[in-house]
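S.K.: Quick one: the structure is below, and I'll ask about it shortly.
4 protein chains.
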Amino acid sequence: MNEELIQMLLAFREERNWGQFHNPKDLAISLSLEASELLENFQWKSSEDAVSQKRQDIADELADVLIYSVYLADALDFNIEDIIRDKMQRNGAKYPVDKSFGKMTKYNEL
Amino acid sequence: MNEELIQMLLAFREERNWGQFHNPKDLAISLSLEASELLENFQWKSSEDAVSQKRQDIADELADVLIYSVYLADALDFNIEDIIRDKMQRNGAKYPVDKSFGKMTKYNEL
Amino acid sequence: MNEELIQMLLAFREERNWGQFHNPKDLAISLSLEASELLENFQWKSSEDAVSQKRQDIADELADVLIYSVYLADALDFNIEDIIRDKMQRNGAKYPVDKSFGKMTKYNEL
Amino acid sequence: MNEELIQMLLAFREERNWGQFHNPKDLAISLSLEASELLENFQWKSSEDAVSQKRQDIADELADVLIYSVYLADALDFNIEDIIRDKMQRNGAKYPVDKSFGKMTKYNEL
Numbered sequence: 002m003n004e005e006l007i008q009m010l011l012a013f014r015e016e017r018n019w020g021q022f023h024n025p026k027d028l029a030i031s032l033s034l035e036a037s038e039l040l041e042n043f044q045w046k047s048s049e050d051a052v053s054q055k056r057q058d059i060a061d062e063l064a065d066v067l068i069y070s071v072y073l074a075d076a077l078d079f080n081i082e083d084i085i086r087d088k089m090q091r092n093g094a095k096y097p098v099d100k101s102f103g104k105m106t107k108y109n110e111l
Numbered sequence: 002m003n004e005e006l007i008q009m010l011l012a013f014r015e016e017r018n019w020g021q022f023h024n025p026k027d028l029a030i031s032l033s034l035e036a037s038e039l040l041e042n043f044q045w046k047s048s049e050d051a052v053s054q055k056r057q058d059i060a061d062e063l064a065d066v067l068i069y070s071v072y073l074a075d076a077l078d079f080n081i082e083d084i085i086r087d088k089m090q091r092n093g094a095k096y097p098v099d100k101s102f103g104k105m106t107k108y109n110e111l
Numbered sequence: 002m003n004e005e006l007i008q009m010l011l012a013f014r015e016e017r018n019w020g021q022f023h024n025p026k027d028l029a030i031s032l033s034l035e036a037s038e039l040l041e042n043f044q045w046k047s048s049e050d051a052v053s054q055k056r057q058d059i060a061d062e063l064a065d066v067l068i069y070s071v072y073l074a075d076a077l078d079f080n081i082e083d084i085i086r087d088k089m090q091r092n093g094a095k096y097p098v099d100k101s102f103g104k105m106t107k108y109n110e111l
Numbered sequence: 002m003n004e005e006l007i008q009m010l011l012a013f014r015e016e017r018n019w020g021q022f023h024n025p026k027d028l029a030i031s032l033s034l035e036a037s038e039l040l041e042n043f044q045w046k047s048s049e050d051a052v053s054q055k056r057q058d059i060a061d062e063l064a065d066v067l068i069y070s071v072y073l074a075d076a077l078d079f080n081i082e083d084i085i086r087d088k089m090q091r092n093g094a095k096y097p098v099d100k101s102f103g104k105m106t107k108y109n110e111l
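Pasting the structure below:
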């Protein structure tokens, strides 16, 4: 994640003195709430209809999920790209290509 | 978000022929499920206790949220940094510093 | 909701001295987590496949949602049937039959 | 759950020809969305502040969670009280009083 973008998000929060609210538990709650608001765009609709009717709303909610992800990573001193690479390395071991090809099964059921 | 990292995530999916499952609605569901798994680390605990006891689990679930965000952005042809900047610009207008300083109130209640 | 069943749920918690954990905020978090576990049964699947493959799991997670609903209602001194009737009365006004027939549109978009 | 209340909820849906939307997957999504709306009342606040400031909103969202629970149970032909009793019986075995007294630990970590 672009460092300048991360700094812009942190500055936005500082300017408004919102850091006091950003404890990890409430950030995790907020992340979950935004993910739900994103999903709400797909309620009662097919995937295609949702995408064609609610594209901008979906972009906005995905942005909110990413913004809270940056705040949570900052609160816990995580480097976003490091934690992704680390998880993907373990995913590669849990889901070897030969066993998981074409199958979306949880690793403990492969 | 680093382009090479995004390509690595897309390649991981291609190798396993998982693209067939990645329609936007199911990706939005998955994003919501991962956000809940992240929040689960804070269940029944104070923020501090959760962070000290479950740091690695929190990193893993945050990584999962970010990974699904990359897949969803890809499915909808969004540039992650563009949608964040775009949302932050509107957030700046909705939450002017003078009105929202020190207050975590929804913009329509400011 | 059957009063004897509610008492049984409260007794289960008392016997284990779990009341100390059941503050409304953590109960609300728990309710959300269980709703996600219920939804997880539908991840990557059509509605029909999920129901035929995961019927018992869905029943279990729905039970968990209902159990936490009872604990939350108890914590806030709500009568479950009263709050439902009260909400349905207002739903009837927000969604008059003539305007909402066959349409799953949010009331402010009718 | 009072049978007359369940019938009133089903009739409300029939009158508006909404049954066509109520497939189990979308009902599970809706249940999750309502649980998030309930949790939103606790965002950034202590449990006590949320309860004193947002009591009616919490009641409304809990009612929505329960209403969707009734619709989902109906769609899957579950008896609400039976699935609760069944789950509680297994919970009793998973969380024996002597092992779980005063501890909110997952059963596989007891």
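Residue numbers (this note's numbering), protein chains in the order written: chain A, 2 to 111; chain B, 2 to 111; chain C, 2 to 111; chain D, 2 to 111.
Each residue gets a CB set at the ideal place from its N, CA and C atoms; glycine is no exception.
Kindly indicate the opening and closing residues of the alpha helix (DSSP H) around methionine 89 of chain B.
M.R.: Per DSSP, methionine 89 of chain B belongs to the alpha helix (DSSP H) from 81 to 95.
S.K.: For valine 66 of chain A, count neighbouring Cβ atoms within 10 angstroms of its own Cβ and tell me buried if that reaches 16, exposed if not.
M.R.: Classification of valine 66 of chain A: buried, given that the 10 Å Cβ count is 16 or more.
S.K.: Roughly how many whole angstroms lie between the Cα atoms of serine 53 of chain C and proline 25 of chain D?
M.R.: In a straight line, the C-alpha of serine 53 of chain C is about 11 Å away from that of proline 25 of chain D.
S.K.: Using Cβ-Cβ distances below 8 Å, what residues of the region 17 to 42 of chain B are close to chain D?
M.R.: The residues in question are Ile30, Ser33.
S.K.: Under 9 Å Cβ-Cβ, which residues of chain C neighbour leucine 10 of chain D?
M.R.: Simply Ile85, Met89.
S.K.: Would you mind telling me which residues of chain D sit closer than 7 Å to asparagine 3 of chain C, beta carbon to beta carbon, in chain order?
M.R.: Chain D residues near asparagine 3 of chain C: Glu82.
S.K.: Go ahead and label glutamate 1 of chain C buried or exposed: buried means 16 or more other beta carbons lie within 10 angstroms of its beta carbon, across all protein chains shown.
M.R.: There is simply no residue 1 of chain C to check, as chain C begins at 2 and stops at 111 in what is shown.
S.K.: Measuring only between beta-carbons, confirm whether aspartate 75 of chain A sits less than 8 Å from chain B.
M.R.: It does not: the Cβ of aspartate 75 of chain A has no partner Cβ on chain B nearer than 8 Å.
S.K.: Hey, quick one: how far does the alpha helix (DSSP H) through aspartate 78 of chain C stretch, first residue to last?
M.R.: Segment: none, aspartate 78 of chain C is in no alpha helix (DSSP H) and carries neither H nor E.
S.K.: Closest Cβ-Cβ distance between tyrosine 96 of chain C and chain D: below 8 Å?
M.R.: Chain D, which has a Cβ nearer than 8 Å to the Cβ of tyrosine 96 of chain C, makes this yes.
S.K.: Give the interface partners of aspartate 65 of chain C over in chain D, defined as CB-CB distance under 8 Å, in chain order.
M.R.: Result: Lys88.
S.K.: Give me the chain D residues within the contact set of glutamine 54 of chain A, using Cβ-Cβ distance strictly less than 9 Å, ordered along the chain.
M.R.: By Cβ distance, chain D contributes nothing, its closest Cβ being about 15 Å from glutamine 54 of chain A, past 9 Å.
S.K.: Is the beta carbon of asparagine 18 of chain A less than 8 Å from the beta carbon of phenylalanine 102 of chain B?
M.R.: Taking 8 Å as the Cβ cut-off, asparagine 18 of chain A and phenylalanine 102 of chain B qualify as a contacting pair.
S.K.: Is glutamine 57 of chain B close to chain C, meaning its C-beta is less than 8 Å from at least one C-beta of that chain?
M.R.: No, its Cβ sits nowhere closer than 8 Å to a Cβ of chain C.
S.K.: Please report the straight-line C-alpha distance between leucine 32 of chain D and leucine 73 of chain D, rounded to a whole angstrom.
M.R.: In a straight line, the C-alpha of leucine 32 of chain D is about 9 Å away from that of leucine 73 of chain D.
S.K.: Return the residue from the list B/Tyr108, B/Glu15, B/Gly93 that minimises the CA-CA distance to lysine 104 of chain A.
M.R.: The shortest Cα separation from lysine 104 of chain A among B/Tyr108, B/Glu15, B/Gly93 belongs to B/Glu15.
S.K.: Expressed to the nearest angstrom, what Euclidean distance is found between the alpha-carbon atoms of alanine 29 of chain D and leucine 40 of chain C?
M.R.: C-alpha separation (whole angstroms): 5 Å.
S.K.: On the CB-based measure, 16 or more other CB atoms within 10 Å of its CB, does glutamate 38 of chain D come out buried or exposed?
M.R.: Result: buried.
S.K.: If you draw a straight line from the alpha carbon of phenylalanine 79 of chain D to that of leucine 6 of chain A, how long is it in whole angstroms?
M.R.: Phenylalanine 79 of chain D and leucine 6 of chain A: Cα-Cα distance of roughly 50 Å.
S.K.: Tell me, to the nearest whole angstrom, how far the beta carbon of methionine 2 of chain C is from that of phenylalanine 13 of chain D; I am working on the premise that it is less than 8 Å.
M.R.: The Cβ separation is near 19 Å, so there is no contact.
S.K.: For phenylalanine 43 of chain B, which of helix, strand or coil comes out of DSSP?
M.R.: In the structure shown, phenylalanine 43 of chain B sits in coil (DSSP, three-state: anything other than H, G, I, E or B).
S.K.: State the Cα-Cα distance for the pair lysine 55 of chain A and lysine 95 of chain D, rounded to the nearest angstrom.
M.R.: One C-alpha to the other measures close to 44 Å.
S.K.: Which whole-angstrom value describes the C-beta separation of isoleucine 81 of chain D and isoleucine 68 of chain C, a residue pair presumed to lie in contact below a C-beta threshold of 8 Å?
M.R.: That pair is no contact at about 11 Å.
S.K.: Pull up the distance between the alpha-carbon of leucine 11 of chain C and that of glutamine 44 of chain B, whole angstroms please.
M.R.: Cα-Cα distance, rounded: 20 Å.
S.K.: Could I get the ranges of all uninterrupted alpha helix (DSSP H) runs contained in the region 5 to 74 of chain C, with 4 residues as the minimum, in chain order?
M.R.: If we require 4 residues or more, the alpha helix (DSSP H) runs fully inside the region 5 to 74 of chain C come out as 25 to 41, 48 to 54.
S.K.: Shortest alpha-carbon distance to leucine 77 of chain A belongs to which of B/Val71, B/Gly93, B/Asp58, B/Asp83?
M.R.: Closest option to leucine 77 of chain A, Cα to Cα, is B/Asp58.
S.K.: Nearest by alpha-carbon distance to lysine 46 of chain C: which of D/Asp27, D/Lys46, D/Asn42, D/Ala60 is it?
M.R.: Per the Cα distances, D/Asp27.
S.K.: Return yes when the Cβ of aspartate 87 of chain B is within less than 8 Å of the Cβ of alanine 64 of chain A, no when it is not.
M.R.: A contact, by the Cβ cut-off of 8 Å.
S.K.: If you run the structure through DSSP and keep just helix, strand and coil, what is lysine 104 of chain D?
M.R.: DSSP places lysine 104 of chain D in coil when its eight states are reduced to three.
S.K.: Rounded to whole angstroms, what's the CA-CA distance from threonine 106 of chain B to asparagine 42 of chain D? Just pull it up for me.
M.R.: Approximately 12 Å, taken between the alpha carbons.
S.K.: Kindly indicate which residue of A/Asp83, A/Pro97, A/Val71, A/Asn109 has the alpha-carbon position closest to the one of glutamine 8 of chain A.
M.R.: Here the closest residue by C-alpha is A/Val71.
S.K.: Can you give me the C-alpha to C-alpha distance between tyrosine 108 of chain D and aspartate 83 of chain D, rounded to a whole angstrom?
M.R.: Rounded to the nearest angstrom, the two C-alpha atoms are 23 Å apart.
S.K.: Skipping 5 residues on each side, what residues in its chain have a beta carbon closer than 6 Å to that of alanine 51 of chain C?
M.R.: Once the five neighbours on either side are set aside, the close Cβ partners of alanine 51 of chain C are Asn42, Phe43.
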